[in-house]
Ligand SMILES: [Fe+2]
C-alpha cells in the first residue's frame with residue numbers, strides 16, 4: 146500500500162445517492178450509472194490504484210439495503226479499502242451491517258505513515274443539518290490527542306464553513322464553532338474535507354485547508370440563495386497526502402457520466 150515517496154493517495158467519492166432500483170433517477174441523473182462512470186474514470190487515471198477510497202456520506206438516497214449492497218458490489222472488486230461515514234440521507238444501522246466487513250470500514254480512522262484520517266459522523270436522525278454534540282466532540286478530542294505528532298485530515302459529511310448559499314448553509318454543521326475551536330487547538334490538523342454540498346471548494350481557514358467535493362451524481366449551483374442545480378457533470382476528488390504534511394488535491398469532473 147505504501148508508495149515509494151510514502152505519500153498516501155485517496156479517492157474521495159461522495160453523495161452517490163443510490164436507490165434500491167439501479168435505474169432510479171434523481172435530479173435528472175441515473176445515480177447508479179454516474180457512480181459507475183466515476184469509478185471507471187478513476188481506474189483509468191495514473192493515480193490508480195489508490196491506497197483508500199473515502200466515501201463521505203449520502204451513499205444511499207432511499208435508505209434501502211439494496212442500495213448499500215449495490216454500493217458495496219461496485220467497490221469490492223476494486224481491491225481497495227473503503228472508509229465510509231453517514232450523511233443525512235443514510236441509514237447508519239444498515240451501513241453498520243453492510244459496510245463494516247472485509248475491506249470496508251465505517252467511521253473510526255485510517256492511520257498510514259505520517260498521516261491519520263479521522264472519520265467524523267455528523268449524522269442527526271431525522272435532520273438534513275448535521276451536528277456533533279458532546280459525545281462526538283469528546284471522541285474527536287481524544288482522536289486528535291491520540292495522533293498528536295502526525296498530520297491529520299478530518300473527514301465529515303456536513304460542511305463546517307458557510308458555502309455562501311443560503312438554503313445550503315441552513316443545513317450545515319450546527320455546532321461548527323465548537324468544532325473549529327477544537328481544530329484550532331490542534332495544530333496537527335492540516336485539512337478538513339466534506340461532502341453534502343454537491344460542489345467543489347478549496348480554501349484556507351487559518352492554517353487548515355477546507356475542501357468540499359462534488360457529488361458522483363448531480364451538482365448544486367454555487368452561491369445560489371435557493372435550491373438550484375448546476376449543469377456540471379459527476380465529480381470526485383483525488384487527495385495525495387505527503388509525508389511532509391502537504392496536501393495535493395484535484396477535483397475531476399467526469400463529462401459524459403450524465404445519463
Ligand atoms: Fe447530504
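Residue numbers (this note's numbering): 146 to 404.
Beta carbons are placed, not taken as given, at the ideal position from N, Cα and C, and that holds for glycine.
Three-state secondary structure assigned by DSSP to residue 372: coil
Determine contact between the segment 282 to 295 and the segment 331 to 343, defined as no fewer than three beta-carbon pairs at a distance below 8 Å. yes
Using a Cβ-based criterion (distance less than 6 Å to any ligand heavy atom), does residue 304 qualify as near ligand 1? no
Would you please state the rounded distance, in angstroms, between the beta carbons of residue 175 and residue 202? I believe it to be under 8 Å. At roughly 20 Å, the Cβ-Cβ gap does not stay under 8 Å, so residue 175 and residue 202 are not in contact.
For residue 313 and residue 275, believed in contact at Cβ under 8 Å, the rounded distance: Going by Cβ atoms, the distance from residue 275 to residue 313 rounds to 12 Å, so no, they are not a contact pair.
Run of the alpha helix (DSSP H) containing residue 183, from where it starts to where it stops: 176 to 188
Burial state of residue 363 (16 or more Cβ within 10 Å): buried
For residue 380 and residue 390, the rounded distance between their alpha carbons: 25 Å
Just jot down, in chain order, the residues whose CB lies closer than 5 Å to any heavy atom of ligand 1. 203, 232, 233 and 341
Helix, strand or coil for residue 242 per DSSP? helix
Can you tell me whether DSSP reads residue 347 as helix, strand or coil? strand
Simplified DSSP assignment, three categories, for residue 284: helix
Taking the CB atoms as reference points, tell me whether residue 162 and residue 171 lie closer together than 7 Å. yes
Rounded separation between residue 279 and residue 287 - CA only: 12 Å
Taking C-alpha atoms, which residue in 398, 342 and 168 lies nearest to residue 311? 342
Collapsed DSSP secondary structure at residue 148 in the structure displayed: Because the pLDDT at residue 148 is just 48, under 50, the model does not fix this residue reliably, and the value given afterwards should be weighed accordingly. Residue 148 falls in the coil class under three-state DSSP.
Just to confirm before moving on: does the CB-CB distance between residue 255 and residue 241 stay below 7 Å? no
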